[in-house]
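This report refers to the structure that appears directly beneath it.
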Amino acid sequence: MSEMTDRKKLYIETYGCQMNVADSEVVISLMQEQGYEVTERMEEASLILVNTCSIRENAEQRIWGRLDVFRQQKEKRPGTRIGVIGCMAERLKEDLLKREKAVDLVVGPDAYRALPGLVEQVESGQNGVNTILSREETYGDIMPVRTGANNISAFISIMRGCNNMCTYCIVPYVRGRERSRDPQTIFREVETLAQAGYREVTLIGQNVDSYRWRTNDGRSYPFAWLLEQVAQIDSRLRIRFSTSHPKDLSDRVLEVMARYPNICRHIHLPVQSGSTKVLKAMNRGYTREWYLNRIDAIRSHLPDAQITTDIMAGFCSENEDDHRQTLSLMEYVEYDFAYMFKYSERPGTRAARKMEDDVPEQTKKKRLQEIIDLQNKISAAVKQKAVGKTFEVLVEGSSKKSSQQLSGRNSQNQVVVFPKGNQQVGDFVQVRIDQATPGTLIGNQVESK
Ligand code: SAH
Ligand code: SF4
Ligand code: F3S
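Quick note: the sequence shown uses this note's numbering, first residue 291, plus one each step.
Okay, structure coming up:
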C-alpha cells in the first residue's frame, strides 16, 4: 500500500517529570515490538506521540503549542497520525479530540499496553481513546528502551500513582491510586543495567517512601528494604531515588543510606511552604517543625548530604508572614538547589473546588522572585563550601559550554566540570574543586584512573 504503512516510524516528545521519561521508554518498548522504529526527525514519522504533563497551566499551554506544530506537519504529510499520551490525555480525555481535530489518539498513563491496538484502530479510520486508570498496572514486566543521552544512567520506576491528595495537585487524578512494583522485576532491571555497563540508577515514584510490596502471606516490604537490596546488587553502581515525601521519610531510610556508600548523598525533599498554616491548607501532612526535624535527622545521619526541594509561592490564603516563614526555612536548611513555582490552580483539585485563589498574580510574582533571589544566594554559598574538597565524579559527557571540559556529578548530585584528559564517559574520577558558581563546581582531576 502507501509508503506510510511499510515505514512505521515513531517520533516521541516527552514533557513533565521523570515518571514521564520512564513511561516513554516503556511506550517505545511496546511500539518496537509492533515493528516501529524510533526517529529523531518529526518529518519522517508516521506516528507522532507527545507524552504530556498537567501539573501547572503553563505546562499544558506548552503542549497546545506543540500540537499546532504537529498539526502543520500532518497537513504536509496527511498519513501522519498524532497521539496525545500521559497526564494531559488523562485529564482531558475525549475533549482533547474536540479541541484539536488533528489528534487521532488519546491514551492515559495506565493504558499504554492498549496503544498498539488503538494505533491499528486509528489506521482503520477511527479515533483511539483509552484513559482507564488501573489499580495494578506497573509495567513491571516490560524492559524499557533507554532514551537517555548516555548509557550510564537510567531511571527505574518503582511505583505509580499517588494517594496523598495534596489540595493543589492534579497528579492523583491523572495518575490514579498508588501501587508498588514487584521487587523481583526491579532487581532484574537493575542487574540488566549493571551488566550493560550502567553506573547509576535512580529509583523513581511520586512518593518513593510509601513504596510497600505486599506478599500473599501477609508480609510487607517497605522502601528502606528495597533500597538496601538494590544497593547490594553492585557496590560500584550508584543508587539515587526521588521523590521523598517529608511526612514519610523514615530514619530507617537514612540509616540504610549511611551504611551504603553507593547510595548517593542527596535527598530531594519538597517542602512547598515554610508555614504550618499553609502546609495544612495544602494537606501536606506535616508541620514546619516536623519538616525541620527531618532536616536535622538527615544532617545527623548523613553530614555530607545535599538537600534539594520544591517550593510554591502564593498558595491560597498565603500572607506576607507565611511567605517570610518560607524564606526563613530556606535559610535554615540551606538547599543546594530548588525548583520554584507560582501556585497555578488546577481544575478539579480540592483547592480549585473549595478554596479561593486569593493571592493576586502580582504578589505571587513578587514572592516567587524573592524566593528565587534568596535561593541563588544560598546556592552560591553552598557551592562555595565545596571549594578545596575532593569528590568522586561520574563522568557523563562534555560540558555544555566547552568540548574541552567534561561534566559529571558527585554523589551529592552537584554538577562538576573539569578539563578533559583521557577519561571516558562512565568513569569515576577524583576531582578537587577550585571554584564554584551557584550551579556548578569547577575543578581538576587529582588522581589518575
Ligand atoms: N510528588 C512530588 C511532587 C510532584 S509535582 C511531591 O509530593 O513532592 C512537582 C512539584 O510541582 C511539586 O512539588 C510542587 O512544588 C509543584 N506543583 C504541583 N502542583 C502545583 C500547582 N498546582 N501549582 C504550582 N506548582 C505545583
Ligand atoms: Fe501531588 Fe502531593 Fe502526590 Fe506529590 S505527594 S504527587 S504533590 S498529591
Ligand atoms: Fe506532570 Fe504527570 Fe509528572 S502531571 S509532573 S508528568 S506525573
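Note that CB positions come from ideal geometry on N, CA and C, so glycine has one too.
For residue i, the three-state DSSP class (helix, strand or coil)
i           : result
residue 735 : strand
residue 716 : coil
residue 669 : helix
residue 600 : strand
residue 638 : coil
residue 428 : coil
residue 369 : coil
residue 588 : helix
residue 421 : coil
residue 532 : strand
residue 481 : helix
residue 396 : strand
residue 564 : coil
residue 291 : Confidence is the limiting factor: at residue 291 the pLDDT is only 42, short of 50, which leaves the residue's position unreliable, though a coordinate-based value still follows. In this structure, residue 291 counts as coil in the three-state DSSP scheme.
Alpha-carbon to alpha-carbon, residue j and residue i
i           : j           : result
residue 342 : residue 350 : 8 Å
residue 656 : residue 565 : 18 Å
residue 367 : residue 395 : 17 Å
residue 447 : residue 705 : 24 Å
residue 245 : residue 439 : One cannot answer for residue 245 here, as it falls past the ends of the chain, which runs 291 to 739.
residue 739 : residue 683 : With a pLDDT of only 48 at residue 739, under the threshold of 50, the placement of this residue in the model should not be trusted; the figure read from the coordinates follows. C-alpha separation (whole angstroms): 12 Å.
residue 441 : residue 515 : 27 Å
residue 758 : residue 687 : For residue 758 there is no data in the structure shown, the boundaries of the chain being 291 and 739.
residue 490 : residue 326 : 28 Å
residue 541 : residue 617 : 26 Å
residue 499 : residue 373 : 33 Å
residue 609 : residue 579 : 19 Å
residue 328 : residue 361 : 20 Å
residue 401 : residue 302 : 17 Å
residue 561 : residue 299 : 42 Å
residue 581 : residue 607 : 20 Å
residue 365 : residue 533 : 41 Å
Cutoff 8 Å: residue i Cβ touching any chain C Cβ
i           : result
residue 611 : As a matter of chain content, chain C is missing from the structure shown, which is built from one protein chain.
Residue closest to residue i, alpha-carbon to alpha-carbon, out of the options
i           : options            : result
residue 698 : 359, 324, 731      : 731
residue 573 : 536, 502, 686      : 536
residue 405 : 334, 532, 358, 319 : 319
residue 485 : 460, 525, 555, 569 : 525
residue 553 : 585, 519, 566      : 519
residue 522 : 708, 679, 475, 546 : 546
residue 308 : 556, 495, 562      : 495
residue 723 : 717, 715, 734, 714 : 734
residue 311 : 399, 511, 460, 513 : 399
residue 658 : 423, 508, 601      : 601
residue 346 : 635, 707, 541      : 635
residue 661 : 691, 612, 530, 551 : 612
residue 321 : 382, 357, 384, 408 : 408
residue 550 : 527, 579, 509      : 527
Close Cβ partners of residue i (< 6 Å) along its chain, the five nearest in sequence each way excluded
i           : result
residue 626 : 596, 598, 672
residue 371 : 337, 394, 412
residue 493 : 446, 448, 531
residue 295 : Below a pLDDT of 50, predicted positions are generally treated as unreliable, and residue 295, at 48, falls in that range; the measurement from the model is reported next regardless. Taken in chain order, the list of residues that qualify is empty.
Sequence-distant residues of its chain with Cβ nearer than 7 Å to residue i (five each side left out)
i           : result
residue 469 : 425, 426, 428, 449, 450, 451
residue 431 : 475
residue 605 : 458, 563, 568, 571, 572, 633
residue 592 : 544, 547, 548, 555
residue 588 : 544, 557, 595, 597
Counterpart residues of residue i in DSSP-defined beta bridges
i           : result
residue 304 : 341
residue 630 : 601
residue 610 : DSSP output for residue 610 lists no bridge partner at all.
residue 503 : 511
residue 730 : 705
residue 444 : 491
residue 457 : Residue 457 is not bridged to any residue.
residue 449 : 470
residue 623 : For residue 623, which the question treats as bridged, DSSP gives no partner whatsoever.
residue 696 : 688, 708
residue 725 : 732
residue 681 : 721
residue 299 : 327
Distance cut-off 7 Å: residue i Cβ against heavy atoms of the ligand ADP
i           : result
residue 613 : The model depicted lacks the ligand ADP and carries the ligand SAH, the ligand SF4 and the ligand F3S instead.
Beta-carbon proximity list for residue i, same chain, < 8 Å, skipping 5 on both sides
i           : result
residue 670 : 726, 727, 728
residue 348 : 634
residue 736 : 680, 720, 721, 722
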